[in-house]
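In short: position in the sequence shown from 1, add 25, done, that's our numbering.
By construction, the Cβ of each residue, glycine as well, lies at the ideal position given by its N, Cα and C atoms.
Report on one structure; see the data block that follows.
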Amino acid sequence: MQNNFAASAHWQGQFEENGLGQWAEKLRGELKASSVTLGLVFMSPQYFPDAEAILEILRLHAKIPLLIGCSSQSLISGAQEMEDAEGIVLGIYHLPDAELTPFRFTQEEIEEATANPTYWREKTKLTPEQVNGWIVFADPFSIDAESWLQEWNEAYAPKPILGGLASGDFTTQSTQVYLNSDVFNEGGVALAIRGNLSITSVISQGCTPIGDTWTITKVEKNYIHEIGNRPAYEILVETVNALPFEEQQKVRGNLFVGLVVNEYLEEFHRGDFLIRNIIGVDPRTGSLEVGAFPLQGQTLLFQRRAATASNEVMNFLL
């Protein structure tokens, strides 16, 4: 993908210094603007051992003054989505009159901010009036992302926060977050968008609901133990078994939970749910492990990822 203000590409294959440098130089040549303002980089876990060297090469050969990103098991380049595929995706951007200021944050700081409502404004030395929005990437295993997001919203609402949680090697619960040439295995990075540049989000969560809405009745951290006073796993199995055979085949590997964002609505529709991964299930205890911190009493609706649903919602939003 390229135009006068942006260019991106996908690198495949093993880490090889000369080849990667030439690839980055070629991408820089596709950006017709005079300079690069920002680079966004995403890497699959296979590159973890060489991540620092890769960041150095990309910054040097693509002439990137500010580079942020994170590891990811899935990558998107142009119109192509690649799941569980080895690669690096680099996007470079020319953003005239933009002011970009990066910050690093940790779990210790999140805990400090809990008792200090002005903590994040003091750390960044930025007020809501000075910021147009944020781009954020964070490691989900080392921080309480829900608490951080609540604190950041309280400090900077209603300014938009875009980005996401890094993914990587789930067997070792390890991810990486990138800032310039530095690789972090915990915490996150936030980029303040300032100056003559604004950001907005158009998000299609790509899921269609299945089954009925339920109330979470027993939860511990990110483990849902009971739904409707019954084992959560039992409700999940019951929901899937009630689907037609063809739908059951589509559900395999595509199951998610949808958590209602606003419980005060009289009716819940597709866009009212925050979609989160089902990380694991335990048939013995009947518990579900999810990629969020649900609340007791919160409404839940199981979801299935669907390309058609993604297209329908995205076209509607656009």
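For this session: Give the straight-line distance between the Cα atoms of Glu-251 and Ala-267, rounded to the nearest whole angstrom.
Result: Counting from 1 along the sequence shown, the entry for residue 251 is found at position 226. Counting from 1 along the sequence shown, the entry for residue 267 is found at position 242. The straight-line gap from Cα to Cα measures roughly 19 Å.
Exercise. When burial is assigned at 16 or more other CB atoms within 10 Å of the CB, is Leu-284 buried or exposed?
Worked result: As a position in the sequence shown, residue 284 is number 259, starting the count at 1. Classification of Leu-284: buried, given that the 10 Å Cβ count is 16 or more.
Exercise. Which full runs of the beta strand (DSSP E) of 3+ residues lie inside the stretch 250 to 335, going along the chain?
Worked result: 280 to 285, 298 to 307, 312 to 315, 324 to 330
Exercise. Who are the near neighbours of Ser-97 in its chain, counting only those whose CB is closer than 6 Å to its CB and skipping five residues on each side?
Worked result: Within the sequence shown, residue 97 is the residue found at index 72, counting from 1. Correct list, in chain order: Phe-67, Ser-192.
Problem set entry | Inter-residue CB distance, Leu-125 and Leu-83 (contact presumed, cutoff 8 Å) | Residue 125 sits at position 100 when you count from the first residue of the sequence shown. Residue 83 sits at position 58 when you count from the first residue of the sequence shown. That belief does not hold up - the Cβ atoms of Leu-125 and Leu-83 are roughly 17 Å apart, past 8 Å.
Exercise. Among the residues of its own chain, which have a CB less than 6 Å from the CB of Ala-32, if the five just before and after it don't count?
Worked result: Locating residue 32 in the sequence shown gives position 7, where the first residue counts as 1. If we look at Ala-32 and ignore the five residues flanking it on each side, its Cβ neighbours are Leu-52, Glu-55, Leu-56, Ile-117.
Exercise. Of the residues Gln-273, Leu-80, Val-161, Pro-165, which one's Cα is nearest the Cα of Arg-301?
Worked result: If you number the sequence shown from 1, residue 301 lands on position 276. Per the Cα distances, Pro-165.
Exercise. So which of Tyr-144, Asn-205, Thr-149, Arg-219 has the shortest CA-CA distance to Asn-157?
Worked result: Numbered from 1 along the sequence shown, position 132 holds the residue referred to as residue 157. Of the candidates Tyr-144, Asn-205, Thr-149, Arg-219, the one whose C-alpha sits nearest the C-alpha of Asn-157 is Arg-219.
For this session: May I ask which residues mark the beginning and end of the alpha helix (DSSP H) holding Gln-132?
Result: Walking along the sequence shown from the start, residue 132 turns up at place 107. Looking at the DSSP string, the run of the alpha helix (DSSP H) that includes Gln-132 is 132 to 139.
Problem set entry | Selection from Val-262, Phe-162, Ser-199, His-294 that minimises the alpha carbon distance to Pro-308 | The count along the sequence shown starts at 1 and reaches residue 308 at position 283. Taking only the C-alpha atoms, the option nearest Pro-308 is Val-262.
Exercise. Taking the alpha carbon of Glu-179 as the point to measure from, which residue in Ser-199, Val-208, Asn-141 has its own alpha carbon closest?
Worked result: Locating residue 179 in the sequence shown gives position 154, counting from the first residue. Measuring from the Cα of Glu-179, the nearest candidate turns out to be Asn-141.
For this session: Could you tell me the distance, in whole angstroms, from the CA atom of Phe-298 to the CA atom of Leu-326?
Result: Taking the first residue of the sequence shown as 1, we reach residue 298 at position 273. Taking the first residue of the sequence shown as 1, we reach residue 326 at position 301. One C-alpha to the other measures close to 8 Å.
Exercise. Around the C-beta of Gln-328, are 16 or more other C-beta atoms found within 10 angstroms, so that it is buried, or is it exposed?
Worked result: As a first step, residue 328 must be located in the sequence shown, where it is residue number 303. The residue is buried, with at least 16 neighbouring Cβ atoms inside 10 Å.
Problem set entry | Status (buried if at least 16 other CB within 10 Å, exposed otherwise) for Gly-94 | The residue you call residue 94 lines up with position 69 of the sequence shown. Looking at its Cβ environment, which holds 16 or more other Cβ atoms inside 10 Å, Gly-94 is buried.
Exercise. Is there a Cβ from chain E that is less than 9 Å from the Cβ of Thr-310?
Worked result: Any reference to chain E falls outside this structure, which holds one protein chain only.
Problem set entry | Contact set for Gly-188: own chain, Cβ-Cβ below 6 Å, skip 5 residues either direction | Your numbering for residue 188 matches position 163 in the sequence shown. The residues are Ile-160, Val-161, Phe-162.
For this session: Please determine, among Val-227, Pro-90, Gly-236, Ala-138, the residue with the shortest C-alpha to C-alpha distance to Ser-60.
Result: Within the sequence shown, residue 60 is the residue found at index 35, counting from 1. Cα-wise, what sits closest to Ser-60 is Pro-90.
For this session: Could you spell out the range, first to last residue, of the alpha helix (DSSP H) harbouring Ser-172?
Result: What you label residue 172 is simply residue 147 of the sequence shown in a count that begins at 1. That run of the alpha helix (DSSP H) goes 170 to 181.
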